[in-house]
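Q:
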Amino acid sequence: MSGLLNGKKGVIFGALDPNSIAWKVAEKVHEQGGSFVLTNAPIAMRMGALNELAEKTSSVVIPADATSEEDLDSLFTKSMEELGGGLDFVLHSIGMSVNVRKGKPYTGLNYDWLAKGWDVSAASFHKVLQTAWKHDALNEWGSVLALSYVAAQRSFPDYSDMADNKAYLESIARSFGYHYGKRKNVRINTISQSPTRTTAGSGVKGFDGFIDYAERMSPLGNATADDCADYCVSLFSDLTRKVTMQNLFHDGGFSSMGISDAVMDMIEGASS
Ligand SMILES: NC(=O)c1ccc[n+]([C@@H]2O[C@H](COP(=O)([O-])OP(=O)(O)OC[C@H]3O[C@@H](n4cnc5c(N)ncnc54)[C@H](O)[C@@H]3O)[C@@H](O)[C@H]2O)c1
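Position in the sequence shown (first residue = 1) + 24 = our numbering.
Okay, structure coming up:
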């Protein structure tokens with residue numbers, strides 16, 4: 025198999041089921057000649073679907089809770105053993121807010137849940153990078169990506185504390201991007217993806233309305249999980265070696281819009 029990622033090795037976090045963004049990324053990276061270890065929280069393994077993906081992409085599965093430094097230590101050590109050396113790419117496709125899941129409004133957050141969601145959705149990215157740093161796991165010109173959402177810049181009331189977690193996540197890409205760039209020419213970016221029908225996405229209140237609104241606002245329409253996977257492949261490839269410390273909008277134009285004809289038509293239709 026040969027392609028844009030021929031010979032490249034990596035770790036992919038966050039494939040839960042065939043709808044997951046990370047699942048599509050794994051399929052496309054495999055198509056393009058990359059090899060990788062698949063990982064997810066031990067609790068997600070119980071659902072069993074990941075083994076199916078591993079078989080399809082000739083990869084191994086190593087469970088790790090991305091909030092546990094011990095699990096991450098073991099994951100990076102075993103991944104390098106398994107793949108026979110340093111890594112060229114890492115995908116962090118992890119997010120969860122207990123407050124969102126339990127329908128807590130932003131004005132009535134439970135702070136224990138906030139801390140848990142922050143650890144899973146934002147601090148885990150720092151832990152992944154710091155573990156890779158400690159093990160000197162990333163090769164020269166490696167590429168690291170995490171998934172974000174435009175609620176880091178604009179207000180989306182029902183996204184609750186996930187908005188703050190995404191702002192923190194994006195900041196880690198900038199802060200760590202400096203250090204890893206200087207040390208090893210490793211690039212670190214976040215992709216700010218359109219709303220996408222996945223387990224994590226559908227957990228947000230009013231998701232159907234949300235996805236429809238974004239579709240009508242975006243001149244190119246919403247970016248799908250497959251589109252996102254293509255974009256990830258390009259950012260793992262050698263064609264994007266000087267792109268770093270960026271939050272890259274991958275949203276069909278949504279983030280630059282004020283109003284669209286399609287949304288105006290909808291509003292005027294509703295009020296007439
Ligand atoms: N779906 C959307 O609308 C959308 C839009 C923009 C960004 N994103 C982001 O994309 C990323 C992937 O989400 P998705 O939409 O593919 O949903 P998903 O539910 O398929 O993926 C989320 C993953 O996070 C994993 N996870 C949760 N806790 C973990 C832990 N402690 N350790 C390791 N893994 C853990 C889950 O097991 C799951 O695989 C998330 O960061 C999400 O916020 C999603």
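Ideal Cβ positions, reconstructed from N, Cα and C, are used throughout, including at glycine.
Quick caveat: nothing in here was measured; it's all calculated off a predicted structure.
#1: Using 8 Å for Cβ pairs, my map puts Asn-123 next to Asp-188. What's the rounded Cβ distance?
#2: What three-state label does DSSP hand Gln-177 in the structure shown?
#3: Take Glu-93 as the anchor and find which of Ser-295, Ile-196, Asp-275 and Phe-149 has the nearest alpha-carbon.
#4: Apply the 10 Å Cβ neighbour rule to Met-25 and answer buried if 16 or more other Cβ atoms are within range, or exposed otherwise.
#5: Which residue from Val-144, Leu-138, Leu-259 and Ala-50 puts its Cα closest to that of Ala-65?
#6: Return yes when the C-beta of Thr-220 is under 8 Å from any heavy atom of ligand 1, and no when it is not.
#7: Do Phe-278 and Ser-226 have their beta-carbon atoms positioned less than 9 Å apart in this structure?
#8: Looking at the strands, I want to know which residues DSSP matches up with Thr-214.
#9: In the DSSP assignment, the alpha helix (DSSP H) including Ile-196 goes from what residue to what residue?
#10: For a test of the three-state rule: what should DSSP assign to His-159, helix, strand or coil?
#11: Taking only three categories from DSSP, how would you classify Met-25?
#12: State yes or no: is the C-beta of Phe-278 nearer than 8 Å to some heavy atom of ligand 1?
#13: Please report the residue range of the alpha helix (DSSP H) in which Gly-34 lies.
#14: Leaving out the 5 sequence neighbours to the left and right, which residues in its chain are closer than 6 Å to Glu-239 when beta-carbon positions are compared?
#15: Closest to Ser-117 by CA distance: which of Phe-200, Asp-285, Ala-294 and Ser-44 is it?
#16: Using 8 Å as the cut-off, classify the Cβ of Val-53 as near or not near the heavy atoms of ligand 1, replying yes or no.
#17: Can Met-186 be considered in contact with ligand 1, in the sense that its beta carbon sits closer than 8 Å to one or more heavy atoms?
A: Checking against the coordinates, here is how it stands:
#1: Taking the first residue of the sequence shown as 1, we reach residue 123 at position 99. Taking the first residue of the sequence shown as 1, we reach residue 188 at position 164. At roughly 10 Å, the Cβ-Cβ gap does not stay under 8 Å, so Asn-123 and Asp-188 are not in contact.
#2: One-based indexing of the sequence shown puts residue 177 at position 153. DSSP places Gln-177 in coil when its eight states are reduced to three.
#3: As a working mapping, residue 93 is identified with position 69 in the sequence shown. That would be Phe-149, whose Cα lies nearest to the Cα of Glu-93.
#4: On the sequence shown, position 1 is the one that residue 25 refers to. Residue placement at Met-25 is poorly supported in this model, since its pLDDT is 46, which falls under 50; the coordinates are not used for a value here.
#5: Reading the sequence shown from its first residue, position 41 is the one you call residue 65. Measuring from the Cα of Ala-65, the nearest candidate turns out to be Val-144.
#6: As a working note, residue 220 is residue 196 in the sequence shown. Within the cutoff, so yes.
#7: Walking along the sequence shown from the start, residue 226 turns up at place 202. Walking along the sequence shown from the start, residue 278 turns up at place 254. Contact flag unset, no.
#8: Along the sequence shown, read from residue 1 onward, the residue named residue 214 stands at position 190. Note: Thr-214 sits in a beta bridge opposite Ala-170 and Asn-271.
#9: As a first step, residue 196 is located in the sequence shown; it is residue number 172 there, counting from the start. Element bounds for Ile-196: 185-208.
#10: Position 135 of the sequence shown, counted from the first residue, corresponds to residue 159. In the structure shown, His-159 sits in coil (DSSP, three-state: anything other than H, G, I, E or B).
#11: Reading the sequence shown from its first residue, position 1 is the one you call residue 25. Low local confidence applies: a pLDDT of 46 at Met-25 is under 50, so the model's placement there is unreliable, with the coordinate-based value given in what follows. Assigned with DSSP and collapsed to three states, Met-25 falls in coil, not helix or strand.
#12: Start at 1 with the first residue of the sequence shown, and residue 278 comes out as number 254. Phe-278: no, Cβ never under 8 Å from ligand 1.
#13: Walking along the sequence shown from the start, residue 34 turns up at place 10. First-last for Gly-34: 33-37, but that is the beta strand (DSSP E), not the alpha helix (DSSP H).
#14: Locating residue 239 in the sequence shown gives position 215, counting from the first residue. Excluding sequence neighbours, Glu-239 sits near Gly-245 and Asn-246.
#15: Counting from one through the sequence shown, the residue named residue 117 turns up at place 93. Out of Phe-200, Asp-285, Ala-294 and Ser-44, Ser-44 has the C-alpha closest to the C-alpha of Ser-117.
#16: As a first step, residue 53 is located in the sequence shown; it is residue number 29 there, counting from the start. Within 8 Å of the C-beta of Val-53 there is not a single heavy atom belonging to ligand 1.
#17: On the sequence shown, residue 186 is found 162 positions in, with the first residue counted as 1. At least one heavy atom of ligand 1 is nearer than 8 Å to the Cβ of Met-186, so yes.
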